[in-house]
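See structure below.
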Amino acid sequence: MKLSNLLFADQPHVISVIGTGGKTHLIRQIAKENRESSRVLISNTGTMERIPEAEVDFIDYAFREDYHLCTVQGPGVYVLAYELDPDNRLRGLPLPILEAQLSCFDLCLIECDESRQRAIKAWRPNEPALLLSTEVTLGVLNVRAVGQRIGVDTVENLDVFCDITGKSVGDLITSQDLLTMILHPHMMFQTARGRRILFLNQADDEPSRRLGELLAKSVLAAPKGPDRVILGSIRTQYWEEIQG
Numbered sequence: 000m001k002l003s004n005l006l007f008a009d010q011p012h013v014i015s016v017i018g019t020g021g022k023t024h025l026i027r028q029i030a031k032e033n034r035e036s037s038r039v040l041i042s043n044t045g046t047m048e049r050i051p052e053a054e055v056d057f058i059d060y061a062f063r064e065d066y067h068l069c070t071v072q073g074p075g076v077y078v079l080a081y082e083l084d085p086d087n088r089l090r091g092l093p094l095p096i097l098e099a100q101l102s103c104f105d106l107c108l109i110e111c112d113e114s115r116q117r118a119i120k121a122w123r124p125n126e127p128a129l130l131l132s133t134e135v136t137l138g139v140l141n142v143r144a145v146g147q148r149i150g151v152d153t154v155e156n157l158d159v160f161c162d163i164t165g166k167s168v169g170d171l172i173t174s175q176d177l178l179t180m181i182l183h184p185h186m187m188f189q190t191a192r193g194r195r196i197l198f199l200n201q202a203d204d205e206p207s208r209r210l211g212e213l214l215a216k217s218v219l220a221a222p223k224g225p226d227r228v229i230l231g232s233i234r235t236q237y238w239e240e241i242q243g
């Protein structure tokens with residue numbers, strides 16, 4: 000089954016992708032699956048990795064609203080950015096400008112969070128900033144963060160993470176820490192809009208799958224958790240929905 004079919008029974012218009020551990024790869028997978036049938040927008044609100052140009056039909060790395068996107072015809076993947084930063088990453092569009100482009104597309108995949116390649120993230124009060132038009136908030140979390148040592152190279156917003164979990168630098172990240180990041184009212188889904196779906200990524204082998212299944216069941220048993228949980232691996236093309 001295509002990942003987009005598993006994630007969305009009926010295709011939403013605007014999907015805001017948040018979290019850490021494979022956001023851009025997840026966006027690329029969904030875009031590939033819909034490239035032939037839909038006008039797919041990929042953009043972001045912060046910075047994100049560049050999308051390989053072989054996967055894209057239209058690119059504007061310096062979009063300034065000096066033309067109307069609805070006049071560009073045909074299905075395909077469209078990438079919009081404000082500029083390329085010094086690290087060759089895409090710097091995102093201001094939210095009002097991005098919102099104004101959405102009506103020209105069938106499917107909008109917007110990366111709305113930054114983790115700077117770290118294994119796990121804690122969120123500050125103003126994060127993540129989502130589009131008002133968001134119909135699905137798709138949270139991504141890396142199950143392989145479990146067992147890594149807490150530090151500046153592994154945790155985004157390290158001070159917040161330690162305050163919320165009670166952990167210290169050098170301690171090991173546990174599945175309970177991931178559960179806290181998912182379920183705490185001021186963490187991952189604090190600004191969520193629409194349906195909330197969690198994608199537990201990097202379940203690349205049997206041990207990580209077992210860990211992911213246990214984590215997913217704990218999430219689903221919580222009273223105010225996300226609506227659905229998908230366990231998978233973009234790298235190995237494995238995904239399944241976990242039931243409570």
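Heads up, the sequence shown is in numbering that gives the first Met the number 0, so the first residue is 0 and it goes up one at a time. Glycine included, each C-beta is placed from N, C-alpha and C at the ideal position. Treat the numbers as computed from the prediction; the structure is a model and nothing was measured.
Take the alpha-carbon of Lys166 and the one of Asp84: they are about 34 Å apart. With a beta-carbon spacing of about 32 Å, Leu130 and Ile149 fall beyond the 8 Å limit used to define contacts. If the five residues before and after Leu106 are omitted, its C-beta is found closer than 6 Å to the C-beta atoms of Asn33, Ser37 and Val39, all from its own chain and listed in chain order. Given a length threshold of 4 residues, each whole run of the alpha helix (DSSP H) inside the region 57-123 is given here in chain order: 94-100. When C-alpha distances from Val71 are compared across Phe104, Ala80 and Thr133, the shortest belongs to Phe104. The bridge partners DSSP lists for Glu239 are Leu230. The region 158-233 contains, as complete beta strand (DSSP E) runs of 3+ residues, the segments 194-200 and 227-232 (chain order).
Secondary structure of Val55 (DSSP, three-state): coil.
Secondary structure note for Asn33: it is in no beta strand (DSSP E), and the uninterrupted alpha helix (DSSP H) holding it is Lys22 to Asn33. The C-beta separation of Val13 from Lys22 comes to about 16 Å, leaving the pair out of contact by the 8 Å criterion. Distance from the CA of Thr235 to the CA of His24, rounded to the nearest whole angstrom, comes to 12 Å. When the alpha-carbon of Ser114 is set against those of Ala220, Gly18, Gly73 and Lys31, the nearest one is in Gly18. Within 10 angstroms of the beta-carbon of Lys120 lie 16 or more other beta-carbons, which makes it buried. Shown here, Leu137 sits in a strand according to DSSP, grouped into three states.
Rounded to the nearest whole angstrom, the C-alpha separation of Ser132 and Tyr77 is 19 Å. DSSP places Asn43 within a strand segment (E or B) once states are collapsed to three. Glu205 is not a Cβ neighbour of Ile241, given a cutoff of 8 Å. Minimum Cα-Cα distance from Met180 among the listed residues Ala8, Cys161 and Ser207 corresponds to Cys161. Counted as a single uninterrupted DSSP element, the beta strand (DSSP E) harbouring Ser15 occupies residues Val13 to Gly18. Between the beta-carbon of Asp226 and that of Arg195 there is about 5 Å, and that keeps the pair under the 8 Å contact cut. According to the DSSP assignment, Leu5 belongs to the alpha helix (DSSP H) that extends over Leu2 to Leu6. DSSP places Arg49 outside both helix and strand once states are collapsed to three, so it counts as coil. In this structure, the CA atom of Gly91 is about 17 Å from the CA atom of Asn125. Residues Cys69 of the same chain have their beta carbon placed closer than 8 Å to that of Ser102, with the five preceding and five following residues left out of the count. Taking C-beta atoms as the reference points, Gly138 and Met187 count as a pair closer than 8 Å.
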